[in-house]
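See below for the structure under consideration.
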DNA sequence: TTGTAGGCGTTATCAG
DNA sequence: CTGATAACGCCTACAA
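Residue numbers (my numbering), protein chains in the order written: chain A, 1250 to 1590; chain B, 1250 to 1590.
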């Protein structure tokens, strides 16, 4: 590969001048500028990112640490991040599928010196682990994590109120026996959604039934199994709240196999409102989360911390949710159709 | 951040010795080794990746260029890539959502000097664009692209035979009027799947019906619209082949809305066999593609080209597909259940 | 407007 | 076993 020196030699100038034209960082006569650009084009020269990073100590790269996320949630959040990062000339260094703590810490260390900022979404991540494994000066945004204090920027979904509203909606439809398929153990979102579920029941004066709090892990299979288990129980709830849409889809599938009709015999609702939700049979009622927006906001926040370092104040942002009522919960509403555009 | 110099000074050794213990690249007495490690731990030192890259000219990073992919296909392919890359100590620099050619070329250039290899999945990418924008020495793997000659490693799905087999299966079930919902215009996979569809009809002596080759773009919405359009036509096919599962799901949704029963009134099949396919109502027959495996193979190939540079020979690999028959196509088979594990 | 030279943090090549 | 020292490719004062 051609280096800045090659270009300088060919164009009969110094490397400094070449650097100037590539960074617009100083006066260069029009004549030499075009000559240098021609030579550069001919030699297929473009600045070596790594070398540039070393001297400027900016990598134009954001680290993204993700857990073992499946399906549309993953792709949507990455899409949001990438689009926003690209607009500001940043790249994404992605490291995913981390579920064990030592693994995460290793990934964290491996990113050292390679990124200007970090977005970490990991249920197993806490402040001490961060302090020990990332330089204190590196801007970090915690995504859907437990946040302790305000040592870091944090961005979470309004899980609890979302779940609360959904359960409240079911109660409003007359349901009093409502099961939940819980998210992965130890997961922050899972815990908050469970909290919202419990609070809504309590506030409606409905006694909690531990046997109706079914374990899950956010996969379709878990939803399928939970419902299979549920149907084997003596008494059956009239509604099921899955802590995410993937599990709700698994639940729908199990109910269909058992010839239990939705929503006639049992109502099913989910959380996240992934794009597919509206195409389910029946269309799935869910708690809408702007997933791509979550990625966008995370990147915006970390970029702000990087670019406007001094005027940046750390804070905890929460992403609003809203109920999307379709047919799976039995509410009689004007049916929803895909967007006309 | 502490540098190698700081450690050297604190430990009363030269930087060379510190470098040796961190790279196990030379003899160091046990005594000084532990001393250096202690100092390094105390100072929270870890080698600066960028600086290391500059001298070793290895970044331990793979560039991944993706189009505007949606849903599970995207997440699965990234998962496969990341897992494989991690195992070999490589990172993934991801750049996605590229649909316009100039955009792709810019992304390509921006990766220069930042990656040891490149995996590019882009319908709009061709050999000249690559030659002009990436150093000739950079190992490149083309994913699901048109391949011209053997200038690059390439990895594609057996689209045509997969589609052929699926149509053949439908014909075997007695269908003779089969529509297709096509993939995005100009997309390589889309074209090949269409080719397989046409070939299967032709070989069965069935005349092609241009009005049953519906346009699509791989989204659920496109599948929904295509079916809506189809139902408005005078004559109606007895089976619909969607060029991917997302469109098949949209199709199912539209049929349900129109009270057309699947598979009784019309058969529906997809392509890709995304994890969700088996949870559809009815469970979706599809052409199975090992999506994560696609990512894995791509990374393995590019790593081979990097690590075993001299003994690497470029080639075109094709990923096998296989038919997964569930209920949406009306074949009477033992019903499939989610895996017991 | 242009050139010179120092240094970013490492590793690699020599000597000792 | 250990230590100087020269790269790696680039940016940036400072000098001309």
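Glycine included, C-beta positions come from ideal geometry on N, C-alpha and C.
Everything numeric in this text was worked out from a predicted model, so none of it was measured.
For residue 1300/A, the C-beta contacts it makes with chain B under 8 Å involve 1303 and 1362, in order along the chain.
Residue 1572/B sits away from residue 1417/B, with the two beta carbons spaced by 7 Å or more. Straight-line spacing of the CA atoms in residue 1357/B and residue 1334/A works out to 16 Å.
The continuous alpha helix (DSSP H) containing residue 1502/B extends over residues 1494-1506. Approximately 4 Å separates the beta-carbon atoms of residue 1325/A and residue 1540/A; this is inside 8 Å, confirming the contact.
Residue 1261/B and residue 1271/B have their C-alpha atoms some 16 Å from each other.
At least 7 Å separates the beta-carbon of residue 1536/B from that of residue 1366/B.
For residue 1286/B, the nearest beta carbon of chain A is not closer than 7 Å to its own beta carbon. Its chain contains 1437 as the residues whose beta carbon lies nearer than 6 Å to that of residue 1395/B, once the 5 sequence neighbours on both sides are disregarded; these appear in chain order. Linking residue 1562/A to residue 1554/A through their CA atoms gives a straight-line distance of about 8 Å. Here residue 1536/B is bridged, per DSSP, to 1520/B and 1572/B. Separation of the CB atoms of residue 1494/B and residue 1513/B is rounded to 21 Å, and the pair is thereby denied contact status at 8 Å. For residue 1273/A, there are no neighbours in chain B by C-beta distance under 7 Å, as the nearest C-beta there is about 17 Å away.
Taken in chain order, the whole alpha helix (DSSP H) runs of length 4 or more contained in the segment 1295-1330 of chain A are 1298-1305. Taking the Cα of residue 1378/A as reference, the smallest distance to any Cα among 1352/A, 1515/A and 1447/A is reached at 1352/A. Residue 1341/B belongs to the set of residues whose beta carbon lies under 7 Å from a beta carbon in chain A.
For residue 1476/A, the number of other beta carbons within 10 angstroms of its own is at least 16, and it is reported as buried. Exposure of residue 1280/B is indicated by the presence of fewer than 16 other C-beta atoms within 10 angstroms of its C-beta. Within a 10 Å sphere around the beta-carbon of residue 1559/A sit fewer than 16 other beta-carbons, which makes this residue exposed. By the neighbour-count definition (other C-beta atoms within 10 Å, threshold 16), residue 1263/A is an exposed residue. Put simply, of 1576/B, 1551/B and 1482/B the residue whose alpha carbon is nearest the alpha carbon of residue 1403/B is 1551/B.
With respect to chain A, the C-beta atom of residue 1294/B has no partner C-beta closer than 7 Å.
By the Cβ rule, the segment 1466-1483 of chain B does not count as touching the segment 1446-1458 of chain B, because fewer than three pairs are nearer than 8 Å.
Here residue 1314/B really is in contact with residue 1370/B; their C-beta atoms are around 7 Å apart, less than 8 Å. DSSP assignment within the segment 1341-1409 of chain B yields the following whole beta strand (DSSP E) runs of 3 residues or more, N-terminal first: 1366-1369, 1389-1392 and 1402-1406. Between residue 1301/B and residue 1362/B, the alpha-carbon positions lie close to 13 Å from each other.
Residue 1565/A has 1403/A as its beta-bridge partners, per DSSP. In the structure shown, residue 1277/A falls within a coil segment according to DSSP collapsed to helix, strand and coil. Here DSSP, grouped into helix, strand and coil, assigns residue 1473/A to helix.
For the segment 1500-1513 of chain B, the set of residues with a beta-carbon nearer than 8 Å to any beta-carbon of chain A comprises 1501, 1502, 1505 and 1506, in chain order. The beta carbon of residue 1282/A sits closer than 8 Å to those of 1270, all from its chain and outside the five residues before and after it, given in chain order. For the options 1496/A, 1502/A and 1507/A, the alpha carbon positioned closest to that of residue 1519/A is the one of 1496/A. Nearest CB-CB separation between residue 1324/B and chain A: below the 7 Å threshold. Residue environment for residue 1308/A: buried (at least 16 other C-beta atoms within 10 angstroms of its C-beta).
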